[in-house]
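Encoded as structure tokens, the structure appears first; notes follow it.
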Amino acid sequence: MAAAFREKFNDDLNTMDYPDLLLLPQHVMMKIFSYCTYAQLAELRKVCQTFNSLCKMRLTDGFRKVDQYHSQIQKQVKSKLPRRESERHSHPLARHVNILSAVETRLSLLSMTFTKYIDSDLCCFIPGKVLDELFWILRTLQCIDKKPPRAHEFLQELRDISSMAMEHFDECIVPILKQQLPGPSTSFVDEALESISTSSSPGQIRWVHSPRPQDAVFPPFQPLNTMIKTLKKGLRQSKTKISEQRKLIMEQDKKLAELTSRLDRQDTKIADMTQKMLLCDKKFTDIFSAIPKLKSWTETTRSGIDFGIDTSATAVAIPLSVSKKPVRTSKRKVSNDTKDDEPSSSYVKLRKRAKK
């Protein structure tokens with residue numbers, strides 16, 4: 001009985017195509033893959049289409065997790081550093097900061113190389129060994145309290161691996177990816193055809209069509225999601241710019257109102273000044289018109305004083321235009337009178353005033 005059962009079991013194993021692992025749910029397979037390193041996941045992509053899709057997801061998630069883990073450790077280290085720049089150089093965590101800054105530059109280079117094609121769903125983060133090295137560096141930095149080795153020595157392996165991966169990607173993989181169309185429909189059809197052509201048994205074909213449609217429908221929409229995110233980001237930036245422009249417009253309106261009020265005040269002041277100037281012009285014209293009359297009056301008063309006429313009493317009654325002939329006759333009369341009679345007291349007073 002035991003021998004017969006053993007023979008039957010061996011025959012079943014030989015005839016089986018091992019569909020049990022592929023028929024497992026996706027979250028179970030992802031849990032199994034979580035125990036593998038990223039370098040192993042990069043190698044497991046060659047097994048089949050299902051392994052390829054799941055390992056691609058794990059590798060891309062690993063690259064994002066490395067970036068988040070790096071930012072977390074960098075915040076922790078910076079919180080322990082002193083605020084003064086001079087004290088940071090002598091601090092025991094100074095080498096940690098140098099290593100983390102070098103890792104940050106390396107991550108930025110990797111993201112510049114791979115992120116464009118990852119977002120367009122053309123590939124995943126291919127170099128799994130780079131992810132393993134990054135996680136090892138960050139974990140050792142988090143555990144070590146003493147001074148680690150210098151950044152040049154500590155990151156030598158990471159620099160070599162990442163530079164080789166980027167060169168290989170740019171030289172060999174990017175030309176192939178540029179030929180592919182990023183449209184969602186063509187990529188979905190190509191994926192389905194490749195899965196059908198590579199699968200040999202009907203069980204595998206049934207697995208591709210039964211549990212995978214939900215997973216196969218969503219990945220093509222990733223480029224659209226990235227476009228929507230970028231559009232939302234652009235909308236937020238435009239809204240902030242619009243709010244800033246509105247604030248500037250409000251400030252400019254206030255300044256314009258102030259300037260208009262100032263102009264109105266200046267207009268009123270100018271009107272008042274023009275009225276005052278007109279009044280002054282009238283006064284000046286009156287004064288200029290009175291000047292010749294005053295001149296003639298002064299001449300008459302002087303002539304009257306010279307000839308002995310009391311101008312103080314008769315200043316108002318004297319006309320402005322006085323002829324010269326009557327004055328000569330009066331002078332003659334006065335001279336004739338003075339020959340015979342003595343000078344009167346009023347005449348003497350007038351002469352004294354004239355002399356003074």
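Using full-length UniProt numbering, read the sequence shown as starting at 1 and increasing by one per residue. Backbone N, C-alpha and C fix where the C-beta goes; we use that ideal spot for every residue, glycine too. Bear in mind the structure is a predicted one, so any value in this text is a computation, not a measurement.
Judged by beta-carbon spacing, residue 138 lies beyond the 7 Å limit of residue 35, meaning their Cβ atoms are not closer than that value. Rounded to whole angstroms, the gap between the alpha carbons of residue 261 and residue 280 is 29 Å.
Minimum Cα-Cα distance from residue 37 among the listed residues 132, 157, 165 and 284 corresponds to 132. The straight-line gap separating the alpha-carbon atoms of residue 269 and residue 276 is approximately 11 Å.
Taking every protein chain shown into account, the CB of residue 235 has fewer than 16 other CB atoms within 10 angstroms, so this residue is exposed. 56 is the residue among 266, 80, 56 and 273 whose C-alpha sits nearest the C-alpha of residue 114. Here the alpha carbons of residue 96 and residue 77 stand approximately 8 Å from one another. Residue 155 is classed as buried because its beta carbon has at least 16 other beta carbons within 10 Å across all chains shown. Taking 3 residues as the minimum length, the segment 44-120 contains no beta strand (DSSP E) run wholly inside it. In the three-state reduction of the DSSP assignment, residue 235 falls in the helix class.
Of the candidates 163, 72, 84 and 168, 72 places its Cα closest to the Cα of residue 142. The alpha carbon of residue 228 has as its nearest neighbour, out of 31, 40, 119 and 112, the alpha carbon of 119.
Of the residues assessed, residue 292 falls on the exposed side of the cut-off, its CB having fewer than 16 other CB atoms within 10 angstroms. Remark: C-beta atoms of residue 67 and residue 107 approach each other more closely than 7 Å.
The criterion of a C-beta distance shorter than 7 Å is not satisfied by residue 41 and residue 117. Taking the Cα positions, residue 80 is about 10 Å away from residue 74.
Restricting attention to 148, 297 and 65, the CA atom closest to the CA of residue 125 is found in 65.
If you draw a 10 Å sphere on the C-beta of residue 249, you find fewer than 16 other C-beta atoms in it, and that means exposed.
Looking at the backbone, the Cα of residue 224 and that of residue 245 are separated by about 31 Å. Put simply, the backbone Cα of residue 272 is about 51 Å away from that of residue 238.
In the structure shown, the three-state DSSP call for residue 282 is helix. The residues 162 and 166, in chain order, have a CB closer than 8 Å to that of residue 109 in the same chain once the five nearest residues on each side in sequence are set aside. Residue 231 is not a Cβ neighbour of residue 128, given a cutoff of 7 Å.
Distance between residue 298 and residue 258, taken at the CA atoms: about 58 Å.
With a contact defined as Cβ atoms closer than 8 Å, residue 93 and residue 50 miss out at about 45 Å.
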